[in-house]
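Novice: Okay, handing you the structure first.
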Amino acid sequence: MVYATADGKSRQRLRVGMVGGGRNAFIGAVHRLAMRLDDQIALVAGALSSDPENAAASAAEIGIAPERSYADYHAMAKAEAARADGIEAVVIVTPNHLHAPVATAFLEAGIDVICDKPLATTLAEAEALVALTKAKKRRFVVTLNNTGYAMVRQAREMVAAGELGRIVSVHGAYIQDWLTRPIDSEGQKQAEWRTDPARAGQSAVLADIGVHAFNLASFVSGFEAEAVSADLFTAVPGRRLDDNAHVFVRWAGGARGTILASQTSPGHYNDLSVRIYGDKAGLEWSGSRPEELRFSPYGEETRTLVRGGHGSTAEARRVSRMPAAHPEGYIEAFANFYRDAADIIRAHRAGGNVDAVRVAQVPDVVDGARGVKFVAAAVGSNAVGGAWTPARFG
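For the sequence shown, the UniProt record's numbering gives the first residue as 1, with consecutive numbering after it.
Following this line, the structure appears as structure tokens:
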């Protein structure tokens with residue numbers, strides 16, 4: 001499974017397997033599209049469903065050989081670890097409650113992990129995964145994929161370069177409307193498990209989308225959360241978990257801010273954003289206009305910085321695929337994540353040097369654990385009337 005690089009050299013594709021993501025599953029198909037875009041990854045095995053018939057049919061549909069289609073992830077980890085051509089990494093796209101046990105099985109088998117968010121449903125599971133990853137000397141990345149947008153990478157560089165000055169406030173938001181009606185109680189598959197405490201965990205809205213807003217704010221600002229004060233509530237009567245969250249955040253270094261997450265806000269299909277303000281300038285990015293950054297130096301007119309345009313930073317240029325005004329979006333950002341993850345895992349498994357700058361751009365098991373800690377702290381704060389609650393991981 002060799003492909004040619006732009007400089008004419010040949011490289012081996014990273015061999016991966018997938019757990020979850022069978023027919024009618026939304027996010028598994030998105031992962032497969034993203035990993036194909038740069039042709040650096042070969043999907044060769046899978047336990048795509050816990051139902052053997054669906055697992056086999058799903059594997060056949062996407063071209064996985066019958067002998068490498070498994071109905072059980074434990075069997076998959078054992079069998080693939082024993083093959084000379086076995087998978088080098090597993091992609092986990094199951095409901096939340098399976099993330100930790102599946103990742104544990106593959107780490108124990110010596111296989112690197114690419115796991116969907118959230119990392120786990122409890123802080124104890126997250127801590128155990130961090131420790132096991134270190135003990136097994138494996139690479140573990142978490143698909144907080146919005147870090148792959150070119151202009152998100154540029155925003156991070158501009159903040160780090162001091163262009164905003166001393167950071168005063170950091171805000172992240174993710175607002176949707178798809179759970180405004182009780183479709184979960186009506187059996188809608190994607191809604192039903194996301195609002196089930198046994199599968200989603202202790203929070204629905206924060207585990208599903210709030211961790212994206214939190215990670216985006218942390219990634220761009222470079223800050224960890226010190227403490228949170230949270231108000232979580234359920235807008236739809238009878239729903240078992242929260243569908244809205246308002247969280248105040250005290251960031252390391254003294255900045256303050258908020259994380260807002262809602263899935264019952266009519267008119268918002270998929271509204272992700274980050275806003276950062278310093279004593280010299282402000283910076284805003286929105287997933288609805290991912291090609292642009294709004295940069296506002298104090299006392300001057302706001303400037304719209306365009307991906308690929310004048311003023312693009314080195315990292316933004318590296319992950320841009322098309323010239324300015326040739327639109328890029330969600331899949332390209334997801335593919336940037338996969339391309340970097342593949343390079344990191346491949347270099348690590350070959351015993352070579354792993355680019356530290358590249359590693360810093362890709363959320364890992366510790367970043368995933370920080371998200372779990374944020375959710376746990378917010379839930380704990382809400383339980384005691386919004387009291388400030390420590391939120392730093394480790």
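Built from N, CA and C at the ideal position, the CB exists for glycine as well.
State buried or exposed for D184, treating a residue as buried only when at least 16 other CB atoms are found within 10 Å of its CB.
Specialist: Within the sequence shown, residue 184 is the residue found at index 184, counting from 1. D184 comes out buried.
Novice: If distances are taken between C-alpha atoms only, which option among G371, G253, L272 and A207 comes closest to Y174?
Specialist: Position 174 of the sequence shown, counting from 1, holds the residue named residue 174. Measuring from the Cα of Y174, the nearest candidate turns out to be L272.
Novice: Would you mind reading off the limits of the beta strand (DSSP E) that contains P297?
Specialist: Within the sequence shown, the letter at position 297 stands for residue 297. Where P297 is concerned, the enclosing beta strand (DSSP E) stretches over E292 to P297.
Novice: In whole angstroms, what is the alpha-carbon distance linking I87 and A100?
Specialist: Along the sequence shown, read from residue 1 onward, the residue named residue 87 stands at position 87. Along the sequence shown, read from residue 1 onward, the residue named residue 100 stands at position 100. Rounded to the nearest angstrom, the two C-alpha atoms are 19 Å apart.
Novice: With D367 and L144 assumed to form a contact (beta carbons below 8 Å), what rounded beta-carbon distance in angstroms separates them?
Specialist: Along the sequence shown, one-based indexing puts residue 367 at 367. Along the sequence shown, one-based indexing puts residue 144 at 144. About 7 Å; that satisfies the 8 Å criterion.
Novice: With a 10 Å radius around its C-beta and 16 neighbouring C-beta atoms as the bar for buried, classify A6 as buried or exposed.
Specialist: Mapped onto the sequence shown, residue 6 falls at position 6. Residue placement at A6 cannot be trusted, given a pLDDT of 49 that sits under 50; the coordinates are not used to answer.
Novice: Taking only the alpha-carbon atoms, compute the straight-line gap between N382 and D177 and give it to the nearest angstrom.
Specialist: Translated into positions along the sequence shown, residue 382 becomes position 382. Translated into positions along the sequence shown, residue 177 becomes position 177. C-alpha separation (whole angstroms): 23 Å.
Novice: Go through its chain and collect everything with a Cβ distance to Q202's Cβ below 6 Å, but skip five positions before and after it.
Specialist: Translated into positions along the sequence shown, residue 202 becomes position 202. Correct list, in chain order: V379.
Novice: According to DSSP, simplified to helix, strand and coil, what is R318?
Specialist: Counting from one through the sequence shown, the residue named residue 318 turns up at place 318. Helix, per DSSP.
Novice: Report buried or exposed for residue 474, applying the criterion of at least 16 other Cβ atoms within 10 angstroms of its Cβ.
Specialist: Because the chain spans 1 through 394 in this model, residue 474 falls outside it and cannot be assessed.
Novice: So what's W193 in DSSP terms, helix, strand or just coil?
Specialist: In the sequence shown, residue 193 corresponds to position 193, counting from 1. Note: W193 maps to helix in three-state DSSP.
Novice: Assuming Y277 is part of the beta strand (DSSP E), what are its boundary residues?
Specialist: For the purposes of this step, residue 277 is taken as the residue at position 277 of the sequence shown. Looking at the DSSP string, the run of the beta strand (DSSP E) that includes Y277 is D271 to G278.
Novice: Starting from the Cα of residue 395, find the closest Cα among F106, Y330, L123 and A341 and give me that residue.
Specialist: An answer regarding residue 395 cannot be provided, because it is not within the stretch 1 to 394 covered by the chain.
Novice: Assuming contact is defined by CB atoms lying nearer than 9 Å, are A55 and A71 in contact in what I supplied?
Specialist: Here residue 55 corresponds to residue number 55 of the sequence shown, with the count starting at 1. Here residue 71 corresponds to residue number 71 of the sequence shown, with the count starting at 1. Yes, Cβ-Cβ distance for A55 and A71 is below 9 Å.
Novice: If the criterion is Cβ atoms closer than 9 Å, does the pair V113 and R139 meet it?
Specialist: In the sequence shown, the residue the question calls residue 113 occupies position 113. In the sequence shown, the residue the question calls residue 139 occupies position 139. Yes, they are a contact pair.
Novice: Measuring straight from C-alpha to C-alpha, what distance separates N146 and T195?
Specialist: Along the sequence shown, one-based indexing puts residue 146 at 146. Along the sequence shown, one-based indexing puts residue 195 at 195. C-alpha separation (whole angstroms): 23 Å.
Novice: Under the assumption that V211 contacts V375 (Cβ atoms under 8 Å), give the Cβ distance between them as a whole number of angstroms.
Specialist: Sequence index remark: in the sequence shown, residue 211 carries index 211 (1-based). Sequence index remark: in the sequence shown, residue 375 carries index 375 (1-based). So it is a contact: roughly 7 Å between Cβ atoms.
Novice: At which residues does the beta strand (DSSP E) containing R166 begin and terminate?
Specialist: What you label residue 166 is simply residue 166 of the sequence shown in a count that begins at 1. Here R166 belongs to no beta strand (DSSP E), and DSSP marks it neither H nor E.
Novice: Rounding to the nearest angstrom, what Cα-Cα distance links T264 and N244 in this structure?
Specialist: The sequence position of residue 264 within the sequence shown is 264, counting from 1. The sequence position of residue 244 within the sequence shown is 244, counting from 1. Those two C-alpha atoms are separated by around 7 Å.
Novice: Inspect the beta-carbon positions of I62 and A342 and report whether they are closer than 9 Å.
Specialist: In the sequence shown, counting from the first residue as 1, residue 62 sits at position 62. In the sequence shown, counting from the first residue as 1, residue 342 sits at position 342. The answer is no: Cβ separation not under 9 Å.
Novice: Suppose the cutoff is 7 Å on Cβ atoms and the five residues either side in sequence are ignored; what does the same chain contact list for F233 look like?
Specialist: In the sequence shown, counting from the first residue as 1, residue 233 sits at position 233. So the list reads D242 and N244, once near-sequence residues are dropped.
Novice: How about Y338 and M76: do their beta carbons lie closer than 9 Å?
Specialist: As a working mapping, residue 338 is identified with position 338 in the sequence shown. As a working mapping, residue 76 is identified with position 76 in the sequence shown. Result no, Cβ atoms of Y338 and M76 do not sit closer than 9 Å.
Novice: Hey, how far is the Cα of F223 from the Cα of M322?
Specialist: Within the sequence shown, numbered from 1, the residue matching residue 223 stands at position 223. Within the sequence shown, numbered from 1, the residue matching residue 322 stands at position 322. Approximately 31 Å, taken between the alpha carbons.
Novice: Nearest-angstrom Cα distance between R166 and K280?
Specialist: Counting from 1 along the sequence shown, the entry for residue 166 is found at position 166. Counting from 1 along the sequence shown, the entry for residue 280 is found at position 280. Their Cα atoms are separated by approximately 7 Å.
Novice: List the whole-angstrom C-beta distance separating T389 from V228, where the pair is believed to meet the contact cut-off of C-beta under 8 Å.
Specialist: As a working mapping, residue 389 is identified with position 389 in the sequence shown. As a working mapping, residue 228 is identified with position 228 in the sequence shown. Yes, they are in contact, since the Cβ atoms of T389 and V228 sit about 6 Å apart, within 8 Å.
Novice: Determine whether the beta carbon atoms of R307 and E328 lie at a separation below 9 Å.
Specialist: Working through the sequence shown from its first residue, we reach residue 307 at position 307. Working through the sequence shown from its first residue, we reach residue 328 at position 328. For R307 and E328, yes; Cβs fall inside 9 Å.
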